[in-house]
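For reference, the structure is listed below as structure tokens.
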Amino acid sequence: MTNSFDDIPFFDEEPEHAPRKPTAAAAPAAGGGLGIAARAMAARDQSRAPDYLSGLNPEQREAVESIEGPVLVLAGAGTGKTRVLTTRIAHILATGRAFPSQILAVTFTNKAAREMKERIGVLVGGAVEGMPWLGTFHSIGVKLLRRHAELVGLRSDFTILDTDDVIRLIKQLIQAEGLDDKRWPARQFAGMIDTWKNKGLTPKDIPEGDARAFANGKGRELYAAYQARLKSLNACDFGDLLLHPIDIFRRYGDILKDYHQKFRYMLVDEYQDTNTAQYMWLRLLAQRPKDVPQNVCCVGDDDQSIYGWRGAEVDNILRFEKDFPGAKVIRLERNYRSTEHILGAAGHLIAHNEGRLGKTLFTERTSPDDEKVIVHAAWDSEEEARAVGEEIEQLQRNKHNLNDMAILVRASFQMREFEDRFVTLGLNYRVVGGPRFYERLEIRDAMAYFRLVCQPADDLAFERIVNTPKRGLGDTTIRTLHDYARARDVPMLAGAADLIETDELKPKARKALFDVIQSFKRWSELLETTPHTELAEQILEESGYTDMWKNDKSAEAPGRLENLKELIRSMEAFESMRGFLEHVSLVMDAEQNEDMDAVSIMTLHSAKGLEFETVFLPGWEEGLFPHQRALDEGGRSGLEEERRLAYVGITRAKRRCHIWFVSNRRIHGLWQSTMPSRFLDELPAAHVDVAESESSYGGYGRGGYGQSRFDRADPFANSYSTPGWKRAQANKTDATRDNWGSRSGHAVERIGYGESGPRTKTIDGELVAKSVASTPSKFSVGDRVFHIKFGNGNVSSIEGNKLTIDFDKAGQKRVLDGFVEKA
DNA sequence: ATACCGACCTTTTTT
DNA sequence: AGGTCGGTAT
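Numbering (our numbering) for the first sequence: -11 to 811.
Here it is, written out as structure tokens:
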């Protein structure tokens, strides 16, 4: 959900119930089937297409106009997916097939929902206000749940807990069980619950093995206790926002039936990212009795499924035609974003995956000036950052906007080096998806105050701020109160009111607690009468919270006060405090200022859906990308997901894509010698250039890299000495065949890298194939060698061009032979 | 209550 | 290596 305040008040009936009777000629006829007027309109559309349909290509147009029945749109990167979705909605509305409130449109992120709302607004002309059911799975889940909360034992003003609250709650439960919270970390259990909920499993459904694996076999009880505790707190976690509606739909057939009637058209974005729970939710809504049409349209790209580790099931998209017999499948393969080199490189890479639905992107927008994808090598990550910085400055001198450039990394620790470098250069950058505004300490504290005012049963909020700022309510008092409240099964705030009537507490604590209770009583009363921003300020003042930071002399304090002001400011856009709280719990983002011209730095994951003129992809090394852990834990499918991530990365680029790898990277504090990513070997020579050293960092003498005796002696070598590089050079002339555009079926022979050593051959026309055969090592076991970073050592074994060396100082390392020379 | 020290972890991230 | 968190010691 976005900042629309038409969603509040929650428990009011939806306005869409009012215009039941068709009022205009275009109104939908009841009970399926099109009314005559609607059909007439549709017919008219055939002959004279409305504006919004012009400019669509035939496939897009088909996807927009195939309104009735299940449709799967396989939309490759940059093929106009969002355009299809939004135009489709506009089309449904314009042809009068449904009211805005009868369309259910689901996205994964708030960003996507926001964008869709905007774009529909442009098409339809502002009437989007009336699309109450366009939003994320979670925001729609909240909406459903507010209406039917009592059916799952909640009140409709329930609170939504975030990850932090959940962990604190679980920790309490673990301690209450008398378990060692050290041995059984709450964080880990929260992760398990999340995984279970992603799969749609309630405590009774979880596998015995899972249940046993945690807390001496108490996993299941703990999960059940957690759910019970949520209920008593009148609270939900994120997973519940999906699971509770599923539960309601299953148990109350008449309610589900209502929604079947209500949602005439359903659209789902990024279908490849749905997890099992979301899938169940969708199926319940979309699979209807025979007499109700299944007008569901899912849009996705199996090649961009990168959230498997988070429970997404690519199978959902692969299975669509089975789930919805007679479904129409439409492929969008015409790309409007990238040059043919970029598409060629990406397409050839992704063709190495099996189990694809198979799409090949093409473009007609080619020019001889198009730059190929360029692969660069650097000695280490520092040099990588330096060189990328130089390229960016060069582009900047040629009048390119920083806003059109992005650095996409595999793991966030890679960002730091770039930030450091850009700070030195004075180059503007922005980190996308960094630490979130609403996760900051002071914001969470303030929010806890507001939450408790709105929802006095929110014990987590109570415990968070009861002694913040310090009021002399220490652990003992809280413990007493906690036990007292739990024994009576009342919320802590209510329990506190009773407790101060007794003499269980010391007078000092009693007085302090009394004051707290009085304050909250006062604020709660003001809630109905005072404007919420004013009340918020008052709360922070009267509680002493702002004073606490004013008196704090630490360096962060002024910033925190500034953030609090910002928090109040952002409340202004909302109608009520409750509405604001809900927004924050669902939308953890705070919008960034887009005004500044700056290079974006972000992870590959958060880059999905975005595009840039120029994209830099650093860190293409084995172990980092593909990430070792993805390989260890995910096996073959883990590797394929990494490859999709690489595909996503390349396809973000419109005109220029520069890939980097380094020979040495510091991981967990120690320098490791690294090997170029296997993905580099999977790029097609026809669309990829290998950068010449002089152009990118010539004259930069770094202790011999690029100038060693070894290099000069090597017939292949320019200044690049990595084998991957040499192989690239060597193959450049051989690989005359352009394999770009081949379907995935052309894979010839593949031997997994992970299990059985170096692969021998992959796909025709690749940069590189046979590392073992083509570059026999010039070293032998026992040779005394020198490595620039690790010093002297002895070769202990050789595998192709990879040497295992016992270094005198650095210990045993595996190193590519290009990096050592005979000592 | 605060300060200091040691243990631990370190892919990706939404909601 | 480095940052964070949690526990202990003052």
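All C-beta atoms in this analysis are idealised placements derived from N, C-alpha and C, irrespective of residue type, glycine included. On a predicted model such as this, the values are computed, not experimentally measured, just so you know.
When C-alpha distances from E165 are compared across L598, L139, Y214, L132, the shortest belongs to Y214. Residue pairing by DSSP puts C286 in a beta bridge opposite L60, V256. Of the residues assessed, P423 falls on the exposed side of the cut-off, its CB having fewer than 16 other CB atoms within 10 angstroms. About 6 Å separates the Cβ atoms of N389 and D585, confirming a contact at the 8 Å cut-off. Assignment of beta-bridge partners to C645 by DSSP yields V603. The three-state reading of DSSP puts G781 in strand, counting E and B together. The residues E405, F406, R409, in chain order, have a CB closer than 6 Å to that of A373 in the same chain once the five nearest residues on each side in sequence are set aside. Going by beta carbons, Y253 and G288 fall outside the 8 Å limit.
Under the three-state reduction of DSSP output, H656 falls in the coil class, being neither helix nor strand. L210 sits close to A203, with the two beta carbons spaced by under 8 Å. The C-beta of S573 has 16 or more other C-beta atoms within 10 Å across all chains shown, which makes the residue buried. For L481, the uninterrupted alpha helix (DSSP H) run begins and ends at 480 to 487, by DSSP. In this structure, the alpha-carbon of G532 lies about 7 Å from that of P457. The C-alpha of A174 is placed about 7 Å away from the C-alpha of I162. H593 has its alpha-carbon roughly 18 Å from the corresponding atom of A63. P672 places its beta carbon 8 Å or farther from that of A365. Under the three-state reduction of DSSP, Y417 is assigned to strand. The C-beta distance from N186 to T264 rounds to 6 Å, short enough to fall under 8 Å. Under the three-state reduction of DSSP output, N263 falls in the strand class. Under the three-state reduction of DSSP output, K810 falls in the strand class. Nearest to P191 by C-alpha distance, out of R208, A178, S661, is R208. Fewer than three Cβ pairs drawn from the segment 234 to 246 and the segment 78 to 89 lie within less than 8 Å of each other, which leaves the two stretches out of contact. L481 is the residue among A524, D491, L481, H520 whose C-alpha sits nearest the C-alpha of D503.
Following the DSSP letters along the chain, one finds D368 in no alpha helix (DSSP H) but inside the beta strand (DSSP E) bounded by residues 361 to 368. In the three-state DSSP reduction, M435 falls in the helix class (H, G or I).
Within the same chain, T70, R71, T74 come within 8 Å of R107 by CB-CB distance, once the 5 residues on both sides are set aside.
The alpha-carbon of H248 is positioned some 17 Å away from that of F125. The DSSP assignment places 545 to 559, 565 to 574, 592 to 595 as complete runs of the alpha helix (DSSP H) inside the segment 535 to 608, in order along the chain (cut-off: 4 residues). The Cβ-Cβ distance between S665 and E609 falls below 8 Å. The segment 220 to 236 makes contact with the segment 136 to 151: 3 or more CB pairs, one atom from each, lie closer than 8 Å. Separation of V256 and F401 (C-alpha to C-alpha, rounded to the nearest whole angstrom) is 33 Å. Cβ neighbours of D290 within its own chain (closer than 7 Å, five residues either side excluded): Q260, V302, I305, L306, R344, L345.
The DSSP-derived three-state label of V504 is helix. DSSP, reduced to helix, strand and coil, places F350 within a strand of the structure shown. Counted as a single uninterrupted DSSP element, the beta strand (DSSP E) harbouring D677 occupies residues 676 to 678.
Of all alpha-carbon atoms in G483, E379, R156, the one lying nearest the alpha-carbon of R644 is that of E379.
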